[in-house]
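A.B. asks: Heads up: the sequence shown at position 91 corresponds to 93 in the numbering used here, and the numbers run straight through without jumps. Virtual Cβ for every residue (Gly too), placed ideally from N, Cα, C.
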Amino acid sequence: MKTVNVAVAVILNSEHQVLLALRHKHLHQGGKWEFPGGKIEQDETVEQAMIREIKEEVGLIVNATEPKMMLEHDYGDKKVCLHVHWVSDFSGNAYGVEGQEIKWVDVAKLPEFEFPDANQPIIDELMS
């Protein structure tokens with residue numbers, strides 16, 4: 003089984019809130035909340051993929067990213083490698099470009115949301 007490389011952006015605003023997006027029901031892990039991002043194409047760096055995906059998904063312009071962690075997870079039907087970056091330097095107003103629900107959430111409230119299992123170490127890092 004091939005591993006899917008994914009650029010994941012933990013987008014933090016000045017109020018210590020993080021941007022979440024609700025995965026469409028028909029997608030893998032659909033109906034769960036996630037940090038925006040997407041698949042890294044063959045000719046892209048992690049940063050290039052993140053900048054492209056964030057613009058395509060939530061309409062923000064990413065000015066700078068900070069690499070934070072790399073996580074591998076096997077869901078049984080799919081393997082992912084998450085390349086996680088913190089993003090606090092961005093411009094624009096976030097909205098669900100693909101019709102998905104998005105919301106800014108206080109970091110302290112993250113445990114109230116259901117995420118794909120691969121995201122738990124990100125939440126643990128944010129809560130620490």
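1. Look at the alpha carbon of S90 and the alpha carbon of V20, and state the distance between them as a whole number of angstroms.
2. Considering Cα atoms alone, identify which of Q102, H85, H26 is closest to I42.
3. For the region 11-26 and the region 91-102, state whether three or more C-beta atom pairs, one from each stretch, are separated by less than 8 Å.
4. From V60 to P123, what does the alpha carbon distance come to, in whole angstroms?
5. Tell me the rounded alpha-carbon separation between H28 and K34.
6. Using the three-state DSSP reduction, which class does Q50 fall into: helix, strand or coil?
7. Since L186 is in the alpha helix (DSSP H), which residue starts that stretch and which ends it?
8. From E46 to F37, what does the alpha carbon distance come to, in whole angstroms?
9. How many whole angstroms separate the CB atoms of A9 and M52, which I take to be in contact at a CB cut-off of 8 Å?
10. With 16 other CB atoms within 10 Å as the buried threshold, where does T5 fall?
C.D. replies: In short, the structure shows the following:
1. In this model, S90 and V20 are separated by some 10 Å (Cα to Cα).
2. Selected option, being the one with the closest Cα: H85.
3. Touching, yes, given that three or more Cβ pairs across the two stretches are closer than 8 Å.
4. Using only the alpha carbons, I get a separation of about 23 Å.
5. Rounded to whole angstroms, the gap between the alpha carbons of H28 and K34 is 11 Å.
6. Secondary structure at Q50: helix, using DSSP grouped into helix, strand and coil.
7. Here the chain covers residues 3 to 130 and nothing more, so residue 186 does not appear.
8. Between E46 and F37, the C-alpha separation is close to 20 Å.
9. At roughly 4 Å, the Cβ-Cβ gap stays under 8 Å, so A9 and M52 are in contact.
10. Exposed.
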